[in-house]
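Residue numbers (the numbering used here): 9 to 208. Data block below; observations after.
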């Protein structure tokens, strides 16, 4: 036991045993050498480069937040239609055919509207207002909170807020079948659209 208490380890063995735990102190003469080394100061050219990098980074961030929202139509009459369709870039063929018929009954065409599929791009009301300046918004199957609209409106009730008239409805797909539920959905939609577009 006494031999164990007096065991002495050489420097190499200590380093191997405690290589992850030891801290090597810098000798005082090395510290003095480091202290004597002049500190490099930034030149005006380097400062200008850093400023340019900052400006470019800011511009990139701004450009990202101002990316144009993709849409179908020409928005000539500032009628914005919002859908959430996971099967198409804008809207699936069957739903588009129904929309064209509904718009035709309201004396509108695809040239008069902008159709935005929020399943393909996350957007908020402020972005939609900035790009489309909508006077009327038809929102199919999308809750108000998903667009950051700060209020709720019951489905199929036309409601004005600010300078926009809103109409929330169920998904277009719910109107594509020939059953009684789809018939009722289309009837409710048509009643609301007649009010929204003053159709006789």
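Here a beta-carbon is modelled for each residue, glycine too, at the ideal position from N, C-alpha and C.
- Residue range 172-177 is occupied by the beta strand (DSSP E) that includes residue 177.
- Judged by their CB atoms, residue 196 and residue 164 are nearer to each other than the 8 Å cut-off.
- Going by DSSP, residue 201 is part of the alpha helix (DSSP H) stretching over 188-204.
- It is roughly 29 Å from the alpha-carbon of residue 167 to the alpha-carbon of residue 96.
- Look at residue 87 here: in three-state DSSP terms it is strand.
- Shown here for residue 140: same chain residues with a beta carbon closer than 7 Å to its own, the five before and five after excluded, namely 83, 86, 88 and 122 in chain order.
- For residue 124, there is no enclosing alpha helix (DSSP H); the enclosing beta strand (DSSP E) covers residues 121-125.
- According to DSSP, residue pairing for residue 144 in a beta bridge involves 87 and 173.
- Note that the C-beta distance between residue 144 and residue 173 is below 8 Å.
- Residue pairing of residue 80 in beta bridges, as defined by DSSP: 123.
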